[in-house]
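I have placed the structure first, in the form of structure tokens, so that the comments after it can refer back to it.
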Amino acid sequence: MGGKLDGDESRPGSLPPVNSLVEAGNYRARVVADAEGRTVMKCQVRDTAGWRNSCAGTTSLVGGFELTAEHAEAIEVGLALRGTARTTPLEEGQPPARWLGRIKAISGGWIKVEVEMELSDSAAARPELILWLGNLVTMDERQTHTFRQTLLSSPTVNCQGLRGNDLPMAYFYDPRVRLETAVYVPATHLTWTTRRFLDYRCDLHVDRAAMRYGVGLVSNGSESASPSGLHRFVWYVRQGTRDIAPGEWEAQREMVAAMEQFIPDVEAPPPSWGKVSSATLQDLLDEPMTQISIDGHVGHPAYIRDTSQVRSGDRRPNILELMTQVDIIPPLLLYLKLHPDRVAEQHVRKLKATLPLFHLPAQHWVGNFYPFRFPRPIEDTWYFLENALIKLPWVAAITGDDQLWTMFLDALSGAEDMARRVGHLFPLFVEIATRTPARAATNYSVGGLYAYGQMLAYTHTGEMPHLEEAHITLATLCRLPVDRMWHEPQQLGFAAAAATLVAQETGDSAAETWARDLLAAQLRMMYWDDRSTRGAPLTGMFQGCASLLYPAFKENVESVLPWTHLLRGNLARPALLLRLLDAQRRHNAAFFDVLRGETSGPGLSIPYENLGTVELPEEGRLGKELYGTGEVFWLYLLLEALGKSDDPEVMVCSLDLPGLPALAHFPPAERSFMAFNATRVARNTTIEVPALPPGDYRVRWTGRQEYRGTVKGGRLVLETSLAAGEVQRLDIVPT
1329 MGGKLDGDES RPGSLPPVNS LVEAGNYRAR VVADAEGRTV MKCQVRDTAG
1379 WRNSCAGTTS LVGGFELTAE HAEAIEVGLA LRGTARTTPL EEGQPPARWL
1429 GRIKAISGGW IKVEVEMELS DSAAARPELI LWLGNLVTMD ERQTHTFRQT
1479 LLSSPTVNCQ GLRGNDLPMA YFYDPRVRLE TAVYVPATHL TWTTRRFLDY
1529 RCDLHVDRAA MRYGVGLVSN GSESASPSGL HRFVWYVRQG TRDIAPGEWE
1579 AQREMVAAME QFIPDVEAPP PSWGKVSSAT LQDLLDEPMT QISIDGHVGH
1629 PAYIRDTSQV RSGDRRPNIL ELMTQVDIIP PLLLYLKLHP DRVAEQHVRK
1679 LKATLPLFHL PAQHWVGNFY PFRFPRPIED TWYFLENALI KLPWVAAITG
1729 DDQLWTMFLD ALSGAEDMAR RVGHLFPLFV EIATRTPARA ATNYSVGGLY
1779 AYGQMLAYTH TGEMPHLEEA HITLATLCRL PVDRMWHEPQ QLGFAAAAAT
1829 LVAQETGDSA AETWARDLLA AQLRMMYWDD RSTRGAPLTG MFQGCASLLY
1879 PAFKENVESV LPWTHLLRGN LARPALLLRL LDAQRRHNAA FFDVLRGETS
1929 GPGLSIPYEN LGTVELPEEG RLGKELYGTG EVFWLYLLLE ALGKSDDPEV
1979 MVCSLDLPGL PALAHFPPAE RSFMAFNATR VARNTTIEVP ALPPGDYRVR
2029 WTGRQEYRGT VKGGRLVLET SLAAGEVQRL DIVPT
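Adding 1328 to a residue's 1-based position in the sequence shown gives its number in this note's numbering.
Structure representation (structure tokens):
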């Protein structure tokens, strides 16, 4: 094999004779016993000169425990072990625990480390999963090597550095030895820590007592105890050589792509979002619980009355909030074009009539509250930029309302003034009167909402300054530190969509890279493999805001809605994004009482804002979000309304929404879809495309000859088969 690992020689207390080498391409690990008989893992990577050591050789399979192996045997692509364990440092009179271990090579050059440990009593241990890389030299640490390293740590942080609980992954490039190391710890297996990411992070760790450094799941140093019972420790490591240090955006892009294989298969059957939408609309019209009147203007509060247990203002509101109204209006208008309802149409007209109330023309602003009570000069920038620069022009496009277009363009002028004042480095809070930062916090990625709004203005007016402003904003955003990108996850989704639109208009390859980088930053806010406190899978959902500690229904859907631009523009792997979309269409059912089997209570078809997590277990405590009903309609419109499979396991995603042409001419005659089979078996299906005007159409289907068909009854029916995991593109064009 070549490249002898230090400590491979047999010695007293070493492992039983067995081929303990586990190989994963150009990376390999050997499990050995050190001089004291403790079981440790030693690793090597292969470069042009052969194999070389890539870790310090002091890595325990579970840090905080001294493991002794009594038996080892070779298994397929790996090694199985068993033995006894004691905490580090040893406690007097502590009984040893039993443990089983498996070290396996998996695809992508990763090595999986898994240990099951049975504790008969609670142990005063602080387990950590760290791959120790080398000895710490203070001179090196304080000199040039530190400035040349590349580090991605997680979970993601907010603008003040407070960590959340999303993707537990770390990446470290060590320029001293030209080595990159990645560690991933699935959150779903962190059952051995009662506080999880309140106590742990994935990061580079420097142990000054032992003068060593490593990468992995690191404790914040708080006192903790491992409870008695069976515990399962699972982590994945990957190492490789690299001569040129990657930038953090490049490293992030590659790291997220490499981790795609860790997304678990979907479990839950998908609900019918058409049926949910119909029930949601009826709940929305339940006037006593879901509507309020302020100065004679009818609208919706943020939450169903008395369902919030957090803020009294959410239980008995006395203001109208723009976010709630404008979240509901655009998708409900589209829904009613497909399913006319006289009562609902009258209601949405009342909601639309509230929009001018929020306009502050003297400030070139659209505020989030009515009445707008001065002195109240400070607002959150993401409310303004999402509501006034995206949702408002959507309503204008759907209704053809020139007054709303004027409001939008006026608000855009105020946003442009703010952008110039801050050099496109947007604050979290802004003083409306002066459009200058208020307080110290930043919200850089909110520039993604601003750039998308500029592209909406460019599409509407055709004026080049809007395209140029979007380009400047995105270029600025992608020169900033990655770890300051996170606030609301949809900001990054719309940023990636804006970069896609800029690339399509300009042919700028840099904008294509921005789109991929911004998408990767957003995916780091996603729950990859985790469950709620009720046991519901969270895969595909997003942490509602950086450091918020829970997935939120509104942010879930708004985060994926702009992905259609990337899918249509071929700037992302369709199988990845569609797999996550499919997970959302299934797993978002967990927010609804009606889909959880509940039969009593207010708003059974209105989503809760939050699901419970280990770090914040108070599920539903924030209330049932009425603004989230808009996202119910969006899920239906995106995944069922314009095209649907007769096999619920096959997802059909519209690529036309939320583009302005489709909004302005809904339902569109020209349509594009992607069909996706998320299951592990081939499936035959019939896809129905409804609400088409009569006439002749040209049909283009992946891997098939183009053909023509005639629509007479308002629908087109197509048959196809999809292999396991296959994506097919479908385009229907009137002739």
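For each residue, glycine too, the CB sits at the ideal point set by N, CA and C.
V1534 is the residue among Q1589, P1765, L1732 and V1534 whose C-alpha sits nearest the C-alpha of R1470. Counting along the chain, the unbroken alpha helix (DSSP H) around Q1731 starts and ends at D1730 to R1749.
Cβ contact annotation for G1602 (same chain, cutoff 6 Å, sequence separation greater than five): Y1964 and E1968, in chain order.
Residue environment: G2041 is assigned as exposed (fewer than 16 neighbouring CB atoms within 10 Å of its CB, all protein chains considered).
Under the three-state reduction of DSSP, M1651 is assigned to helix. Judged by beta-carbon spacing, C1530 lies beyond the 8 Å limit of L1459, meaning their Cβ atoms are not closer than that value. Contact fails between the stretch 1993–2007 and the stretch 1937–1957, because fewer than three Cβ pairs, one in each stretch, are under 8 Å apart.
Contact check for V1978 and R2011: beta-carbon distance about 6 Å, within the 8 Å limit, so the pair qualifies. For W1842, same chain residues with a beta-carbon under 7 Å away, outside a window of 5 residues either side, are L1802, C1806 and A1827 in chain order.
Excluding the 5 residues flanking it on each side, A1838 has no same chain C-beta neighbour closer than 7 Å.
The stretch 1544–1563 makes no contact with the stretch 1866–1873; the number of CB pairs closer than 8 Å stays below 3. Straight-line measurement puts the Cα of G1575 at about 24 Å from the Cα of V1546. Burial check for L1490: the Cβ neighbour count within 10 Å stays below 16, so the residue is exposed.
A straight-line Cα-Cα distance of about 26 Å links T1367 and Y1501.
Bridge pairing for Y1499: L1480 and A1510 [DSSP]. Going by C-alpha positions, L1479 is about 14 Å away from Q1567. One Cα belongs to A1453, the other to S1554, and the distance between them is close to 6 Å. Per the Cβ contact rule, the stretch 1813–1826 is in contact with the stretch 1888–1896 (3 or more Cβ pairs under 8 Å). Residues D1593, A2052 and G2053 of the same chain have their beta carbon placed closer than 8 Å to that of R2008, with the five preceding and five following residues left out of the count. Distances from the alpha-carbon of V1638 to those of T2038, T1522 and G1948 put G1948 closest. The straight-line gap separating the alpha-carbon atoms of Y1780 and D1708 is approximately 18 Å. When L1988, S1860, R1749 and A2006 are compared, the shortest CA-CA separation from P1659 is found for L1988. Looking at the DSSP output, I1620 shares a beta bridge with G1627.
Nearest in C-alpha terms to I1657, of all of A1607, L1688 and V1723, is V1723.
Taken atom to atom, the span from the alpha-carbon of L1713 to that of L1846 is near 18 Å.
By the criterion of a C-beta distance shorter than 7 Å, W1962 is surrounded in its chain by P1659, V1885 and L1889, once the five residues flanking it on both sides are discounted. If you draw a straight line from the Cα of L1777 to the Cα of A1990, it is about 20 Å long. Rounded to the nearest whole angstrom, the CA to CA distance from L1518 to Q1422 is 24 Å. When DSSP states are grouped into helix, strand and coil, T1941 belongs to the coil group.
DSSP places V1830 in the uninterrupted alpha helix (DSSP H) bounded by P1817 to T1834. Assignment of R1643 by DSSP, reduced to helix, strand and coil, places it in the helix class. Under the criterion of beta carbons closer than 8 Å, M1813 and Y1772 qualify as touching, at roughly 6 Å. Distance from the CA atom of D1468 to the CA atom of R1504, rounded to whole angstroms, is 9 Å. For T1787, the three-state secondary structure derived from DSSP is helix. Counting of Cβ neighbours within 10 angstroms places I2015 among the buried residues, the total reaching 16 or more. Assignment of V1888 by DSSP, reduced to helix, strand and coil, places it in the helix class.
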